[in-house]
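Q:
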Amino acid sequence: MINFRYHVVSIIGIFIALAVGVVLGAGPLQRSINAGMNPSSSQAASDPVLSAQAEAEAAGLKALASSTLTGSLTGTSVALVVLPGASDDDVSAIRSTLTDAGASVVGRVTLTDNWQSTSMSQYRTTLATTLASHLQSSGAKTASADGVVGYSIVQVLTSTGAETDLLRQILTDKSTPLMTIDEDPAGKATTLVAVGARAQTTTSTQASVAASSDAWIGLGLAVGSTSGVVVGDASSREAMISQIRTSGTAVTTVDSVGTTLASVDTALALSTASSGARAFGVGNGAQSVIPSSK
97 MINFRYHVVS IIGIFIALAV GVVLGAGPLQ RSINAGMNPS SSQAASDPVL SAQAEAEAAG
157 LKALASSTLT GSLTGTSVAL VVLPGASDDD VSAIRSTLTD AGASVVGRVT LTDNWQSTSM
217 SQYRTTLATT LASHLQSSGA KTASADGVVG YSIVQVLTST GAETDLLRQI LTDKSTPLMT
277 IDEDPAGKAT TLVAVGARAQ TTTSTQASVA ASSDAWIGLG LAVGSTSGVV VGDASSREAM
337 ISQIRTSGTA VTTVDSVGTT LASVDTALAL STASSGARAF GVGNGAQSVI PSSK
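Residue numbers (my numbering): 97 to 390.
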């Protein structure tokens with residue numbers, strides 16, 4: 097019996113080949129793809145032959161996309177925001193795809209559990225009052241406390257100056273840090289890509305730390321202000337990307353993090369930057385499998 101995932105990835109490869117000028121809306125075909133991907137992933141992982149087939153198809157998918165991606169992000173300076181539970185391998189894969197498309201990845205920060213923990217929500221609410229007084233973005237004036245935190249993260253990555261330095265000190269305070277700076281962009285980033293956890297790690301992460309969807313939505317709103325992308329899991333209604341999509345937050349989301357499709361979608365989405373709500377992938381709430389290149 098031929099594994100369905102083999103057909104699924106082949107179909108997605110064709111989608112990428114058709115990316116120039118083609119918009120694929122959500123519908124019966126997308127639901128079929130979504131239904132086929134999730135149950136077969138574990139089967140492929142346990143079968144060496146199927147695993148090899150999946151790897152070959154993923155490589156083919158990236159190769160098909162390269163003609164569209166090459167040079168599409170030249171002049172774009174990206175900062176990566178790594179969320180709790182995100183895989184370093186997934187972050188590296190997205191980074192590689194972005195640089196292959198011509199982007200300059202100028203910085204990287206990692207958010208701590210304090211950023212999303214429900215037990216720290218009151219702390220963030222109190223902190224937001226202080227953060228708001230140093231923010232430059234007009235959008236932050238009407239944002240929630242978690243939105244203010246999100247805008248503060250954006251300002252630290254995309255600008256310099258005395259106010260930004262104060263925000264950096266507050267966010268990285270050693271006693272209760274909301275983030276750590278892995279690679280300092282020195283304010284050079286023009287857009288952000290936030291990378292979340294895979295589906296299988298989401299459950300274990302949330303088991304120890306109850307995550308607030310308000311934090312996800314707040315960050316999404318801020319990332320959207322840079323025409324950036326939030327990448328993560330949308331395999332269930334409770335997953336981060338599903339929650340951001342349901343909220344109607346004006347940001348581009350990409351699901352199925354950890355797959356070649358997610359990396360390719362992220363680069364394609366940045367190359368057709370938008371500050372509106374867009375949803376790409378095969379998970380809950382996806383509008384289309386891939387972004388149109390037009």
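Note that CB positions come from ideal geometry on N, CA and C, so glycine has one too.
Threshold first: 3 residues or longer. Then list the beta strand (DSSP E) segments lying entirely within the region 307-381, N to C.
A: 325-327, 348-350 and 374-376
Q: Of the residues Ala318, Pro281 and Gln265, which one's Cα is nearest the Cα of Thr238?
A: For the purposes of this step, residue 238 is taken as residue 142 along the sequence shown, with counting starting at 1. That would be Ala318, whose Cα lies nearest to the Cα of Thr238.
Q: Here's the rule: buried if 16 or more other CB atoms are within 10 angstroms of the residue's CB, otherwise exposed. What is Gln251?
A: Residue mapping note: residue 251 aligns to position 155 of the sequence shown, counting from 1. With 16 or more other Cβ atoms within 10 Å, it is buried.
Q: Counting pairs of Cβ atoms below 8 Å between the region 309-318 and the region 332-343, do you hit three or more?
A: yes
Q: Taking the straight line between their C-alpha atoms, what separation do you get for Ile277 and Asn380?
A: As a working mapping, residue 277 is identified with position 181 in the sequence shown. As a working mapping, residue 380 is identified with position 284 in the sequence shown. So the alpha carbons of these two residues sit roughly 32 Å apart.
Q: Please report how far the alpha carbon of Thr348 lies from the alpha carbon of Ala358, in whole angstroms.
A: For this step, residue 348 is matched to residue 252 along the sequence shown. For this step, residue 358 is matched to residue 262 along the sequence shown. In a straight line, the C-alpha of Thr348 is about 12 Å away from that of Ala358.
Q: Assign Ser388 to one of three DSSP states: helix, strand, or coil.
A: Counting from one through the sequence shown, the residue named residue 388 turns up at place 292. Note: Ser388 maps to coil in three-state DSSP.
Q: Hey, how far is the Cα of Gly316 from the Cα of Ser163?
A: Residue numbering aside, residue 316 sits at position 220 when the sequence shown is read from its first letter. Residue numbering aside, residue 163 sits at position 67 when the sequence shown is read from its first letter. Answer to the nearest angstrom: the Cα atoms are 29 Å apart.
Q: Around the Cβ of Lys158, are there at least 16 other Cβ atoms within 10 angstroms (buried) or fewer (exposed)?
A: The sequence position of residue 158 within the sequence shown is 62, counting from 1. Flag for Lys158 reads buried.
Q: To the nearest angstrom, how far is it from the Cα of Val254 to the Cα of Ala152?
A: Here residue 254 is taken as the residue at index 158 of the sequence shown, counted from 1. Here residue 152 is taken as the residue at index 56 of the sequence shown, counted from 1. One point to set straight first is that residue 254 is Thr, not Val, in the sequence displayed. Between Thr254 and Ala152, the C-alpha separation is close to 38 Å.
Q: Tell me the DSSP secondary structure of Ala161 in three-state form.
A: Taking the sequence shown and counting its residues from 1, one reaches residue 161 at position 65. Note: Ala161 maps to helix in three-state DSSP.
Q: Going by DSSP, what residues sit across from Ala175 in a beta bridge?
A: Counting from one through the sequence shown, the residue named residue 175 turns up at place 79. DSSP output for Ala175 lists Gly203 and Leu288 as bridge partner(s).
Q: Expressed to the nearest angstrom, what Euclidean distance is found between the alpha-carbon atoms of Ser229 and Gly320?
A: Translated into the one-based positions of the sequence shown, residue 229 becomes position 133. Translated into the one-based positions of the sequence shown, residue 320 becomes position 224. C-alpha separation (whole angstroms): 21 Å.
Q: Thinking C-beta only, is Val360 closer than 8 Å to Val325?
A: In the sequence shown, counting from the first residue as 1, residue 325 sits at position 229. In the sequence shown, counting from the first residue as 1, residue 360 sits at position 264. The answer is no: Cβ separation not under 8 Å.
Q: Buried or exposed: Ser145, going by 16 or more other Cβ atoms within 10 Å of its Cβ?
A: The residue given as residue 145 occupies position 49 in the sequence shown. Here the sequence assigns Val to residue 145, which means Ser is not the residue at that position. Answer is exposed; the Cβ neighbour count stays below 16.
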